[in-house]
Amino acid sequence: MSNDPLLQPYQLKHLTLRNRIIVTSHEPAYPEDGMPKGRYRAYTVERAKGGVAMTMTAGSAAVSKDSPPVFNNLLAYKDEIVPWIREMTDAVHEEGAAIMIQLTHLGRRTRWDKGDWLPVLAPSHHREAAHRAFPKKIEDWDIERIIKDFADAAERMKAGGMDGVELEAYGHLIDQFTSPLTNELDGPYGGSLDNRLRFCLDVFKAMRERVGDDFILGVRYTADECLPGGTDKAEGLELSRRLKESGLIDYLNVIRGHIDTDPGLTDVIPIQGMASAPHLDFAGDIRAATKFPTFHAAKIQDVATARHAIAAGKVDMIGMTRAHMTDPHILRKIIEKREDDIRPCVGANYCLDRIYQGGLAFCIHNAATGREETMPHQIPKADVRKKVVIVGAGPAGLEAARVSAERGHEVVVFEAQNSAGGQIRLTAQSERRREMIGIIDWRMSQCEKRGVTFHFNTWAEADTIAAEKPDVVIIATGGLPHTDVLTNGNELVVSSWDIISGDVKPGTNVLIFDDAGDHAGLQAAEFIAKAGAKVEIMTPDRSFAPEVMAMNLVPYMRSLQKLDTTFTVTYRLEAAEKSGNQIIAHIGSEYGGVEKQRVVDQIVINHGTIPLDDLYFELKPGSKNLGEVSYDHLISGAPQTVERNAEGTYQLFRIGDAVAARNTHAAIYDALRLAKDI
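Whatever position you read off the sequence shown (first residue = 1), add 3 for my numbering.
1) In terms of alpha-carbon separation, which member of Ala385, Ala370, Val387, Trp462 lies closest to Pro379?
2) Counting Cβ pairs, one atom from each stretch, are 3 or more of them under 8 Å apart for the region 444-459 and the region 630-643?
3) Please report the straight-line C-alpha distance between Lys140 and Ile104, rounded to a whole angstrom.
4) DSSP on Tyr594, reduced to helix/strand/coil?
5) In the DSSP assignment, the alpha helix (DSSP H) including Ala314 goes from what residue to what residue?
6) Can you list, in chain order, the residues of its chain whose CB lies under 6 Å from that of Met447, leaving out five sequence neighbours each side?
7) How is Gly194 classed by DSSP in three states: helix, strand or coil?
8) Between Gly510 and Ile358, what straight-line distance do the alpha-carbon atoms span, to the nearest angstrom?
9) Among the residues of its own chain, which have a CB less than 7 Å from the CB of Thr92, if the five just before and after it don't count?
10) Tell me, please, whether the region 506-523 touches the region 456-466 by the rule of three or more beta-carbon pairs shorter than 8 Å.
11) At a cut of 8 Å, does the region 609-618 reach the region 651-662 through at least three beta carbon pairs?
12) What does a CB cutoff of less than 6 Å around Asn75 pick up in its chain, not counting 5 residues either side in sequence?
13) Using CA atoms only, rank isn't needed, just tell me which of Val222, Gly239, Ala65, Val123 is closest to Phe153.
14) Would you tell me roughly how many angstroms separate the C-alpha atoms of Glu402 and Leu675, rounded to the nearest one?
15) Just to confirm, is the Cβ distance from Cys229 to Arg259 under 8 Å?
16) Just reading off the beta strand (DSSP E) that Pro614 is part of, what are its end residues?
17) Name the DSSP bridge partner or partners of Gly167?
18) Could you check which residue in His108, Asp604, Thr573 has the C-alpha nearest to that of Gly583?
19) Rounded to whole angstroms, what's the CA-CA distance from Phe702 to Pro191? Just pull it up for me.
20) Does the distance from the CB of Asp518 to the CB of His610 come in under 8 Å?
21) Excluding sequence positions up to five away, which residues of its chain have a Cβ less than 7 Å from the Cβ of Ala536?
22) Given a cut-off of 8 Å on the beta-carbon distance, is the pair Ala326 and Ile303 in contact?
23) Using a Cβ-Cβ cutoff of less than 6 Å, which residues in the same chain neighbour Leu240 once the five nearest sequence positions on both sides are dropped?
24) Taking the straight line between their C-alpha atoms, what separation do you get for Gly110 and Trp144?
25) Taking the DSSP output, what are the residues bridged to Tyr13?
26) For Gly411, which residues in the same chain have their Cβ closer than 7 Å to its Cβ, ignoring the five residues on either side in sequence?
27) Could you work out which residue in Glu98, Lys68, Glu90, Ala396 is closest to Arg50 when comparing CA atoms only?
28) Over what stretch of residues does the alpha helix (DSSP H) that includes Arg290 continue unbroken?
29) At what residue ranges does the region 503-535 contain a whole run of the alpha helix (DSSP H), taking only runs of 4 or more?
30) I need the straight-line Cα distance from Gly233 to Ser182, nearest angstrom please.
31) I need the boundaries of the alpha helix (DSSP H) containing Ala669, first residue and last residue.
32) Whose C-beta lies closer than 8 Å to the C-beta of Gly591 among residues of the same chain, with five residues either side of it excluded?
33) What is the C-beta distance between Phe298 and Asn256, in whole angstroms, given that I count them as a contact (C-beta under 8 Å)?
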């Protein structure tokens, strides 16, 4: 038996867990009609195949009709969910893993105009900032009804084969009872800690009576809200002891913080540039004080940190949830002593930010996650070995090279720069986003292990490609900044890339016109503001940086607000003219009737990229397919078989920003779904 702390089994009541790593409850927003159908099941089962001890689904499944999900959650209040749950739990158990589900009533953390348009409720009338609904103050009949709903849902989950149920008690209704900030009730459910905790314990009691003792019950809760007047660490420790002493539950799953605002949520679930494992020691304090099974997860993105958490006795089970979205086979690679093959979570938080905007959770650099029905995590070998030539070593080119090499092909990559990375290397210039380089480093390592040949500092031309006698050519040359967006004065502007790369020195009074709304605009703003300049970010949109999304916006705002940056929405930079050593910026609005001017010494444009596609069009006449892609074959996962030119000697494709300006995930997905069938 291995002496690795992570590989030791753990006995949780009657349940034997095969190692110490879990995937904690989270909602990837994959349900269909509120049910865990094919996509959801395939995603969940993949983590079990990868060796995780236990996967915990749903974050969280709704137990009541007046708890409508604000993104696509499971609906545990429907009887029809039971057979879907059973299909998923049977498949997970067949892979040797345990499976639990998290249940909740959202309370005020939702909206009244979702689902059946029922009133939002809470133990007070205080609105939650994140979802903006003013709640009804909960009544006695609501409490009775919701306790029964929890018990009914737990019974359904047991009937569906779950090993247990976890309650979410941070930010949701149960915590709204527990926290003195959100509980203004009188009588048995308000006032003292005992009274505020009563609702939680009544829910557990009702569930325990329904599911019996041979079923795991746990709670994920905040033991310190980190808010003035809220539950503090001292009360959180007492709360933890009382949960244990109730005899109703089997473990504590500890978090610290609050989730009612974007900054609060981001501190609970830290993203790139923030400290790793910031709440691990706090969870260790809870375990030491209670001597009770303790779980924890919060930016445990690498094996070394997870191993320390267990070896140091901080917790009994450690969650690596986003890490398993990036690589579902972490445990298998640990067991096989291949830790250097683990695809690293870079903390980009593309996964969570997407679901909070109503999308499916996708990993920024594993395009198979959430697409397990159509995209492989393990690349199969090709029947026929081919020569694949790739131009460009950014994320798209490197993914195409990695996948082609895993298929067994001979792969040659040409890159004009002296190193790989493309836009990712530019992005990683920001200290906060330096983890992004893991996307490149991992792929380079995988390519080198598989014998991919790289030619750096090489500007590939048509003759260069022809000399390789390729079977397949993939153009992944990316794009160049598009700054030609003004009616006049385009020669007076610089790009966000110019600033981030250091090719252009920041001015002292700078206008950034950002209608791409991605990271580059805010990164440039931060570089300039930190240099001591006055900065205004302007966008014609009604909100700025929409592509950055909520949680990723938090660190930028914390930095830029301190640097006195001005944010201007709904205005468009239309033209620029020189005036001595200054620039006059002419400003209008899509809404009409506005003409303004700003006098600045630098204008920075962030307007995406224009494809660098000259080589593609030069190669197109010599290709078999004349560059055509069968979208039907691409989507269905079939090889590309288009032949439009009998004289052609190679297939030709282009991917990523060489097609059109998109994002890193799109570039990697382009590469995976094309190259997996070459």
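For each residue, glycine too, the CB sits at the ideal point set by N, CA and C.
Judging by the given coordinates:
1) Ala370
2) No, the region 444-459 does not touch the region 630-643.
3) 28 Å
4) coil
5) 306-314
6) Closer than 6 Å at the Cβ level, and outside the excluded window around Met447, lie Ala423.
7) coil
8) 38 Å
9) Ile102, Gly163, Gly164, Met165
10) no
11) By the C-beta criterion, the region 609-618 is judged to be in contact with the region 651-662, since at least 3 inter-stretch pairs fall below 8 Å.
12) Ala32, Pro34
13) Ala65
14) 7 Å
15) In contact: Cys229 and Arg259 (Cβ atoms closer than 8 Å).
16) 612-614
17) DSSP lists Met103, Ile219 as partners of Gly167.
18) Asp604
19) This structure leaves residue 702 out entirely; the chain is present only between 4 and 681.
20) yes
21) Hits under 7 Å: Pro509, Gly510, Thr511, Asn512, Val513.
22) yes
23) Ala292
24) Looking at the two C-alpha atoms, the distance is approximately 15 Å.
25) Answer by DSSP bridge pairing, in chain order: Leu20.
26) Lys384, Ala385, Arg388
27) Glu98
28) 283-293
29) 522-533
30) 6 Å
31) 667-678
32) Excluding residues within five positions, the ones whose Cβ falls inside 8 Å are Tyr574, Arg575, Glu577, Val597, Glu598, Lys599.
33) 4 Å
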